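Have a look at the structure below, then the notes.
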Amino acid sequence: MNKFLVLVVIFTLSCKSSNINVLNSDSNSSSAKSESNKISKLKDWYLKSYSKDSLPGINLELVYQDLLNNKKSKEIIIAFIDTSVDLNHEDFKDIFWTNINEIPNNNIDDDVNGYVDDIHGWNFMGNSKGENSIYENYEFVRVVRYYQNIFGEKTIEEITSDSLKLKLKEYTEAKITLDEKVTQRNEYFISDSTYMVDLSKAIKKLATIIPRSEMTVKNLDSIGKLKPDLLKEIEILNWAVRYNYSEEESISDVDLHRRYRDIYYNIAYNEREIMNDDPDNVNDKKYGNSQIDNNIDKIAHATSMIGVAAANRNNNKGIQGIVENIKVMPIVAAGYGQAHDKDLALAIRYAVDNGASIINLSIIKKFSVHKEWVFDAIKYAEQNDVLIVGAAGNDNENLDVARNFYPNDNDYNGKEISNNFIMIGGSSYKVDKNLKASFSNYGAENVDIFAPSDSIYTTTISNNYKFVEGTSIAAPIVTGIAGLIRSYFPSLKAHEVKQILMDSGTKYDVKVNISNTKEEKFVPFSSLSKSGKIVNAYKAFLMADELNKNK
77 MNKFLVLVVI FTLSCKSSNI NVLNSDSNSS SAKSESNKIS KLKDWYLKSY SKDSLPGINL
137 ELVYQDLLNN KKSKEIIIAF IDTSVDLNHE DFKDIFWTNI NEIPNNNIDD DVNGYVDDIH
197 GWNFMGNSKG ENSIYENYEF VRVVRYYQNI FGEKTIEEIT SDSLKLKLKE YTEAKITLDE
257 KVTQRNEYFI SDSTYMVDLS KAIKKLATII PRSEMTVKNL DSIGKLKPDL LKEIEILNWA
317 VRYNYSEEES ISDVDLHRRY RDIYYNIAYN EREIMNDDPD NVNDKKYGNS QIDNNIDKIA
377 HATSMIGVAA ANRNNNKGIQ GIVENIKVMP IVAAGYGQAH DKDLALAIRY AVDNGASIIN
437 LSIIKKFSVH KEWVFDAIKY AEQNDVLIVG AAGNDNENLD VARNFYPNDN DYNGKEISNN
497 FIMIGGSSYK VDKNLKASFS NYGAENVDIF APSDSIYTTT ISNNYKFVEG TSIAAPIVTG
557 IAGLIRSYFP SLKAHEVKQI LMDSGTKYDV KVNISNTKEE KFVPFSSLSK SGKIVNAYKA
617 FLMADELNKN K
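Counting along the sequence shown from 1, when you hit position 546 you're at 622 in this note's numbering, and nothing is skipped either side.
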């Protein structure tokens, strides 16, 4: 039997979560106990400090204990450009921004901003009929689709323009990537489809001998000794039991591979059919709707991102967010797959135009068809003193070498396009060779600072909570700290807040493993980002206070 890699697609928004779904009751009980122990041990580790708790968190608890007395804050708006969000979560009471210039549900653009009934934000993944999309292509698919008629089979020698040569290079790389991904996914589909059938047959066959709830490794091994003719079925089931893998998950994985084949990697898939807009025309803005809470039963990413930054701190429920006295502006620009440059650019501009002080962008992707639109939007945010916090991504790649990850504030020419964009890598709770989260991208030139990203307990849909990991969750942790600074010291500029976050971080003198293989490769943690640090809310607040006094 082939062991296969269970892959979970988390869009371009690189966050991961773990669902427990097992074959036998013994494992269920053990998993529940393990989850309970994990909650007890790690629920709020990222808020702790290394000096006090021996945990490389952000040192937030001391901020609320020691630094906020007799200080007043100003309410600010933080925009989350992400997926749809659960507006009714118990930990989100009264945190959402309201557009006071818009009359609800009258189907009129009262404030004449181009967005009808945008009471709490805007959804760029829908249309005026209330229909909403959730599945999109990956960006390398769009690059191939966009340039294939321009370049066809042309070689670099046939191109005279330097700018076209760069685009041909990107098209060629995207085409290679697409071919490799399609081949790989088809292999997964065939392997997992075979295993799905074999697992179902094995369960049915052995169910005539032993109840399904008693299909443990020990019991299956005992049956194998008595009935050697069932060894094949026992081997199949043993793998499933050992790895807590159920029939339902097997079916789900096959469906996932089918979606990759038919949607994410399918150049013929019409991903903009529902929106009915031209994704290659940034001036075509008449699409979307005000439904920012659609499809939350299918996608919970934004709900988790918002929670870690802004969940209610005083209701004795769930978790405590990092910052108070803010309003959250949800903007839907992503689903399963990867976000469009057009949607990202318009979403950034929407946030700026509606008063956001900070934009959380837990979105990153390889390749970009219209990166100049996003660059222009980032510059627009800079002109209006808006800080953008971006996630570095989860491919364990050096962004200084890969140089094709977006959104970014660097077109990989050695010079940043703005001073208001801060890119966040992901760290773990282990101060050893694993301090860099195994999945996190890095880069002394392109990643500014690191933040906790491993085993972060946060909100999910329907008043629930779960552990997630990924640089997606590291970004809103930094967003929350930035929110604290901007709410208590509103005179500080976006670029000053960025510099404070980088200068005030905590250094860790450890070497970490950056290898993707069994052969480990160690480098100083301080070499993985521009600052070489992990964010420290306490030191950042003190530094902001000092700078504010000097101003």
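Each residue gets a CB set at the ideal place from its N, CA and C atoms; glycine is no exception.
Quick caveat: nothing in here was measured; it's all calculated off a predicted structure.
Worksheet entry | Nearest to Asn-21 (by Cα), restricted to the options Ile-407, Phe-227, Gly-383, Val-358 | This structure gives no information on residue 21, because the portion of the chain shown stretches from 77 to 627.
Worksheet item: Quick check: the region 512-519 against the region 452-462, are there 3 or more CB pairs under 8 Å?
Response: no
Worksheet entry | Other residues of its chain near Lys-169: CB distance less than 8 Å, five sequence neighbours each side excluded | Along the sequence shown, read from residue 1 onward, the residue named residue 169 stands at position 93. Counting only Cβ-Cβ distances below 8 Å, and skipping sequence neighbours, we find Asn-388, Asn-391.
Worksheet item: Beta carbon of Ser-607, beta carbon of Ile-525: below 7 Å?
Response: Within the sequence shown, the letter at position 531 stands for residue 607. Within the sequence shown, the letter at position 449 stands for residue 525. Contact: yes.
Worksheet item: From this set, Asp-353, Ile-402, Ser-529, Asn-470, which residue's C-alpha is nearest Gly-202's C-alpha?
Response: Looking up residue 202 in the sequence shown gives position 126. That would be Asp-353, whose Cα lies nearest to the Cα of Gly-202.
Item to complete: Could you please give me the residues that DSSP links to Gly-502 through a beta bridge?
Response: As a working note, residue 502 is residue 426 in the sequence shown. DSSP lists Ala-527 as partners of Gly-502.
Worksheet item: Excluding sequence positions up to five away, which residues of its chain have a Cβ less than 8 Å from the Cβ of Ile-493?
Response: Within the sequence shown, the letter at position 417 stands for residue 493. The residues are Phe-451, Ile-454, Lys-455, Asp-485, Asn-486, Asp-487.
Discussion item. Would you call the region 178-189 in contact with the region 306-318, where contact means no fewer than 3 C-beta pairs closer than 8 Å?
Written reply: no
Worksheet item: Would a C-beta distance cut-off of 7 Å place Ile-152 and Ser-580 closer than the cut-off?
Response: Taking the sequence shown and counting its residues from 1, the one referred to as residue 152 is at position 76. Taking the sequence shown and counting its residues from 1, the one referred to as residue 580 is at position 504. 7 Å or more divides the Cβ of Ile-152 from the Cβ of Ser-580.
Worksheet item: Helix, strand or coil: which one does DSSP assign to Val-188?
Response: Numbered from 1 along the sequence shown, position 112 holds the residue referred to as residue 188. Three-state result, Val-188: coil.
Discussion item. So, for Ala-143: in the same chain, excluding its five sequence neighbours on each side, which residues have a beta-carbon less than 6 Å away from its beta-carbon?
Written reply: Residue mapping note: residue 143 aligns to position 67 of the sequence shown, counting from 1. Position check: residue 143 holds Leu in this sequence, whereas Ala was assumed. So the qualifying residues of the chain are Phe-617.
Practice prompt. Taking 7 Å as the cut-off, decide whether the C-beta atoms of Lys-393 and Trp-173 are in contact.
Written response: As a first step, residue 393 must be located in the sequence shown, where it is residue number 317. As a first step, residue 173 must be located in the sequence shown, where it is residue number 97. For Lys-393 and Trp-173, no; Cβs fall outside 7 Å.
Worksheet item: Below 8 Å, can you find three or more Cβ-Cβ pairs linking the region 332-339 to the region 160-168?
Response: no
Practice prompt. Please confirm whether Val-384 and Pro-528 have their CB atoms less than 7 Å apart.
Written response: The residue given as residue 384 occupies position 308 in the sequence shown. The residue given as residue 528 occupies position 452 in the sequence shown. No, they are not a contact pair.
Worksheet item: Short check: CB of Ile-500 to CB of Ala-468, under 7 Å?
Response: Stepping through the sequence shown from its first residue, residue 500 is reached at position 424. Stepping through the sequence shown from its first residue, residue 468 is reached at position 392. Contact: yes.
Worksheet item: Given 8 Å as the limit, is there contact between the region 436-447 and the region 405-423, that is, 3 or more CB pairs closer than that?
Response: yes
Item to complete: Taking the CB atoms as reference points, tell me whether Asn-517 and Leu-568 lie closer together than 7 Å.
Response: One-based indexing of the sequence shown puts residue 517 at position 441. One-based indexing of the sequence shown puts residue 568 at position 492. It is not a contact, given that the beta carbons lie outside the stated cut-off.
Worksheet item: In chain order, what residues of the same chain have a beta carbon less than 6 Å from the beta carbon of Ala-550, not counting five sequence neighbours either side?
Response: Counting from one through the sequence shown, the residue named residue 550 turns up at place 474. Here the set comprises Ile-500, Gly-502, Ala-527, Ser-529.
Practice prompt. Can you give me the Cβ contacts of Phe-265 inside the same chain, cut-off strictly under 6 Å, excluding the 5 residues immediately before and after it?
Written response: Reading the sequence shown from its first residue, position 189 is the one you call residue 265. So the list reads His-333, once near-sequence residues are dropped.
Item to complete: Could you pull the start and end residues of the alpha helix (DSSP H) that Glu-533 belongs to?
Response: By one-based count along the sequence shown, residue 533 stands at place 457. In the sequence as presented, Glu is not what sits at residue 533; that position holds Tyr. Premise fails: Tyr-533 lies in the beta strand (DSSP E), 532-536, not in any alpha helix (DSSP H).
Worksheet item: How many angstroms separate the CA atom of Val-283 from the CA atom of Ser-328?
Response: Reading the sequence shown from its first residue, position 207 is the one you call residue 283. Reading the sequence shown from its first residue, position 252 is the one you call residue 328. Reading off the sequence shown, one finds Ala at residue 283, where the question assumed Val. Looking at the two C-alpha atoms, the distance is approximately 22 Å.
Worksheet item: What three-state label does DSSP hand Phe-601 in the structure shown?
Response: Taking the sequence shown and counting its residues from 1, one reaches residue 601 at position 525. Three-state result, Phe-601: helix.
Discussion item. My output table needs one value for Pro-406: the three-state DSSP class, helix, strand or coil.
Written reply: Walking along the sequence shown from the start, residue 406 turns up at place 330. Reduced to three states, the DSSP call for Pro-406 is strand.
Worksheet item: So is Val-573 buried or exposed if we call it buried at 16+ other beta carbons inside 10 Å?
Response: Start at 1 with the first residue of the sequence shown, and residue 573 comes out as number 497. Residue burial annotation: Val-573 is buried, with at least 16 other C-beta atoms found within 10 angstroms of its C-beta.
Fill in: Through-space distance from Met-351 to Asp-360, alpha-carbon basis
Position 284 of the sequence shown holds residue 360. Position 275 of the sequence shown holds residue 351. Computed Cα separation, rounded: 11 Å.
Worksheet item: Roughly how many whole angstroms lie between the Cα atoms of Val-586 and Asp-508?
Response: The residue labelled residue 586 in the question sits at position 510 within the sequence shown. The residue labelled residue 508 in the question sits at position 432 within the sequence shown. Their Cα atoms are separated by approximately 6 Å.
Discussion item. Going by DSSP, what residue range makes up the alpha helix (DSSP H) through Asn-314?
Written reply: The residue you call residue 314 lines up with position 238 of the sequence shown. 307-318 is the span of the alpha helix (DSSP H), which, as asked, contains Asn-314.
Item to complete: Taking the CB atoms as reference points, tell me whether Lys-124 and Leu-131 lie closer together than 7 Å.
Response: On the sequence shown, position 48 is the one that residue 124 refers to. On the sequence shown, position 55 is the one that residue 131 refers to. Cβ atoms of Lys-124 and Leu-131: closer than 7 Å.
Worksheet item: What separation, rounded to the nearest whole angstrom, lies between the Cα atoms of Asn-612 and Trp-121?
Response: Position 536 of the sequence shown holds residue 612. Position 45 of the sequence shown holds residue 121. It is roughly 13 Å from the alpha-carbon of Asn-612 to the alpha-carbon of Trp-121.
Worksheet item: In its own chain, which residues sit with a C-beta less than 6 Å from the C-beta of Val-465, not counting the 5 before and 5 after it?
Response: By one-based count along the sequence shown, residue 465 stands at place 389. Closer than 6 Å at Cβ, skipping near neighbours: Asn-436, Ile-498, Ala-551, Val-554, Thr-555.
Worksheet item: Which term fits Ser-127, buried or exposed, when burial requires 16 or more other beta carbons within 10 angstroms of its beta carbon?
Response: Along the sequence shown, read from residue 1 onward, the residue named residue 127 stands at position 51. It counts as exposed.
Worksheet item: With a Cβ-Cβ cutoff of 7 Å, do Ile-368 and His-196 count as a contact?
Response: Your numbering for residue 368 matches position 292 in the sequence shown. Your numbering for residue 196 matches position 120 in the sequence shown. Yes, the pair counts as a contact, with Cβ atoms nearer than the cut-off.
Item to complete: Could you tell me whether any non-hydrogen atom of the ligand MN is closer than 6 Å to the CB of Asp-419?
Response: With respect to the ligand MN, the structure offers nothing, as it holds no ligand at all.
Fill in: Option in His-446, Ile-382, Asn-589, Tyr-321 with minimal Cα separation from Ala-155
In the sequence shown, residue 155 corresponds to position 79, counting from 1. The residue with the shortest Cα to Cα distance from Ala-155 is Ile-382.
Worksheet item: What's the C-alpha gap between Val-192 and Asp-373?
Response: In the sequence shown, residue 192 corresponds to position 116, counting from 1. In the sequence shown, residue 373 corresponds to position 297, counting from 1. Using only the alpha carbons, I get a separation of about 25 Å.
Discussion item. By the three-class DSSP mapping on this structure, what secondary structure does Lys-117 have?
Written reply: Here residue 117 refers to the residue found at position 41 of the sequence shown. Reduced to three states, the DSSP call for Lys-117 is helix.
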